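Inspection log for the structure reproduced underneath, given as structure tokens.
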Amino acid sequence: MKFTNLLKSAAMAGLVGAMSLTAASDPADAKTRWKMHAAFASTVAVIGPPSRRVAAAVDAMSDGDFAIKVEEPGALVGGYAYFDPVSQGSFQAAWGTSGANQGKNSVYAFFSTWPFGPAAPEFVAWFKYGGGNELAEEVYARDNIKFVLCGMIPPETSGWFREPIDSLDQLKGLKMRFFGVGAKVMQKFGVSTQQLAAADIYPALERGTIDATEFSMPAIDRTLGLNQIAKHNYFPGWHQQSTSNELLVNMDAWNDLTDAQRAMLNTSCDAQIAEMIAEGEASQFQAMKDNVAAGVTNHRWPKEILDQFEAAWEEVLAEELATNPDSKKVWESISTFRDNFKIWKDMGYL
């Protein structure tokens with residue numbers, strides 16, 4: 013798909029999605045009815061609404077013939093527990109992020125994010141024009157799942173702590189919620205990590221089950237109330253400079269769709285990529301101001317600490333590539349694309 017067509021498709025899906033929010037059809041009249049698990053509650057900023065917008069857009073584009081009922085986390089399964097049910101056809105689809113599935117195969121983390129990775133536009137470019145989509149489709153297909161890129165957000169913060177972190181020695185012994193392959197980097201510094209779903213983070217932090225956490229961007233983290241407990245927020249998000257979101261569809265359900273229905277899903281997912289990048293960039297500065305007003309201190313890691321994180325990441329990466337041929341194949345694709353992209357990036361951008 014040409015870039016101009018991608019923009020037109022995104023605009024169309026956004027328009028019909030907005031229209032259908034006020035004029036949804038009766039699902040009982042639909043010829044195709046799906047259930048879709050959402051990994052994030054609808055109330056969570058930026059990452060909560062997209063799955064609902066996809067369903068609304070599909071409803072409008074199909075004139076009510078294709079109805080997707082989006083279920084909140086916990087209604088069908090827990091937030092991140094959707095891989096097996098989608099694979100087995102317990103429900104037709106889920107909207108989430110690939111890093112949640114790394115327990116099945118560590119390569120899935122690379123389809124979501126990785127430390128010291130690209131900004132969101134470059135990540136989208138690799139998926140769309142650098143072979144990323146094809147690689148993700150290939151790996152997911154082994155488990156009877158169709159992968160559709162369905163969102164992207166800009167950088168996250170890299171942690172909420174109760175006390176300032178002046179040295180990485182302070183991390184030793186901390187219990188921390190940490191997502192994706194970046195968790196293995198934190199483990200190099202003695203952190204005990206666990207990957208909690210969004211709804212489980214605040215209670216764990218409040219009870220002291222975890223000492224610190226990261227989740228997402230300031231506006232999203234405020235939705236979860238993390239700023240109410242931990243008053244030291246660290247930047248930049250070295251572990252997640254961008255994060256992709258996905259629509260995973262049971263392969264049998266995907267194959268049962270018409271070409272037009274598949275196009276509806278692809279078009280509405282393209283719209284979420286554009287919308288989430290725009291909203292993600294536009295909503296952070298006010299959240300950061302509000303956090304400061306509420307007693308939060310925003311910190312930026314000094315270069316020497318970022319250098320230590322990056323050195324640990326290189327160790328983690330070498331270990332991963334030595335043990336997982338899928339990760340090695342994906343990383344070779346990523347590295348080749350980024351090396352070539354750098355030619356343009358270094359000359360084209362200020």
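Here the working numbering runs 12 ahead of the position in the sequence shown, where the first position is 1. For glycine and all other residues, C-beta sits at the position ideal for the given N, C-alpha and C. For clarity, every value in this text was computed on a predicted model and none was experimentally measured.
Residue i - DSSP class collapsed to helix/strand/coil
| i | result |
| --- | --- |
| residue 57 | coil |
| residue 330 | helix |
| residue 292 | helix |
| residue 310 | strand |
| residue 82 | strand |
| residue 47 | strand |
| residue 303 | helix |
| residue 347 | helix |
| residue 336 | coil |
| residue 271 | helix |
| residue 353 | helix |
| residue 360 | helix |
| residue 69 | helix |
| residue 77 | coil |
| residue 42 | coil |
| residue 52 | coil |
Buried or exposed (CB count within 10 angstroms, at least 16 for buried), residue i
| i | result |
| --- | --- |
| residue 146 | exposed |
| residue 110 | buried |
| residue 309 | exposed |
| residue 54 | exposed |
| residue 178 | exposed |
| residue 62 | buried |
| residue 196 | buried |
| residue 352 | exposed |
| residue 107 | buried |
| residue 362 | exposed |
| residue 331 | exposed |
| residue 134 | buried |
| residue 190 | buried |
| residue 194 | buried |
| residue 328 | buried |
| residue 271 | exposed |
| residue 366 | Not covered by the structure: residue 366. The range shown for the chain is 13 to 362. |
| residue 192 | buried |
| residue 213 | buried |
| residue 215 | exposed |
| residue 95 | buried |
| residue 105 | buried |
| residue 304 | exposed |
| residue 359 | exposed |
| residue 321 | buried |
| residue 344 | exposed |
| residue 246 | buried |
| residue 46 | buried |
Close Cβ partners of residue i (< 7 Å) along its chain, the five nearest in sequence each way excluded
| i | result |
| --- | --- |
| residue 338 | 117, 119 and 151 |
| residue 241 | 217 and 218 |
| residue 123 | 110, 148 and 256 |
Own chain partners of residue i with C-beta closer than 8 Å, once the 5 adjacent residues on each side are dropped
| i | result |
| --- | --- |
| residue 336 | 117, 118 and 119 |
| residue 19 | Caution applies to residue 19, whose pLDDT of 42 falls short of 50 and renders its modelled position unreliable; the model cannot decide the point. |
| residue 293 | 166 |
| residue 97 | 49, 88, 89, 103 and 106 |
Neighbourhood of residue i by C-beta, 6 Å cutoff - its chain only, sequence neighbours within 5 removed
| i | result |
| --- | --- |
| residue 243 | 307 and 308 |
| residue 114 | 120 and 121 |
| residue 168 | 228, 229, 249 and 252 |
| residue 289 | 132 and 164 |
| residue 200 | 324 |
| residue 112 | 92 |
| residue 52 | 59, 60 and 210 |
| residue 257 | 109, 162 and 163 |
| residue 144 | 138 |
| residue 44 | 78 |
| residue 99 | 155, 156 and 157 |
| residue 237 | 214 |
Expected contact under 8 Å - CB spacing of residue i and residue j to nearest Å
| i | j | result |
| --- | --- | --- |
| residue 284 | residue 78 | 17 Å between Cβ atoms; not a contact. |
| residue 82 | residue 157 | So it is not a contact: roughly 18 Å between Cβ atoms. |
| residue 231 | residue 295 | 4 Å |
| residue 80 | residue 67 | 4 Å |
| residue 88 | residue 160 | Actually they do not touch by this definition, with Cβ atoms about 19 Å apart. |
| residue 85 | residue 265 | That belief does not hold up - the Cβ atoms of residue 85 and residue 265 are roughly 21 Å apart, past 8 Å. |
| residue 224 | residue 174 | 7 Å |
| residue 172 | residue 233 | 7 Å |
| residue 204 | residue 186 | 7 Å |
| residue 57 | residue 235 | 5 Å |
| residue 130 | residue 350 | 6 Å |
| residue 188 | residue 222 | 6 Å |
| residue 346 | residue 180 | At roughly 27 Å, the Cβ-Cβ gap does not stay under 8 Å, so residue 346 and residue 180 are not in contact. |
Residue i: CB within 8 Å of a non-hydrogen atom of the ligand FAD
| i | result |
| --- | --- |
| residue 183 | With respect to the ligand FAD, the structure offers nothing, as it holds no ligand at all. |
Hey, which unbroken runs of the alpha helix (DSSP H) at 4 residues or more fall wholly within the segment 199-267?
Counting only runs of 4 or more, we get 210-219 and 230-236.
In the segment 123-207, which residue ranges form an unbroken beta strand (DSSP E) of at least 3 residues, counting only runs that do not cross its ends?
Counting only runs that start and end inside the segment 123-207, the beta strand (DSSP E) elements of at least 3 residues fall at 157-165, 171-173, 187-189 and 204-206.
Those runs of the alpha helix (DSSP H) which lie wholly inside the segment 82-123 and span at least 4 residues:
Runs of alpha helix (DSSP H) with 4 or more residues, each lying fully within the segment 82-123, are found at 95-100, listed in chain order.
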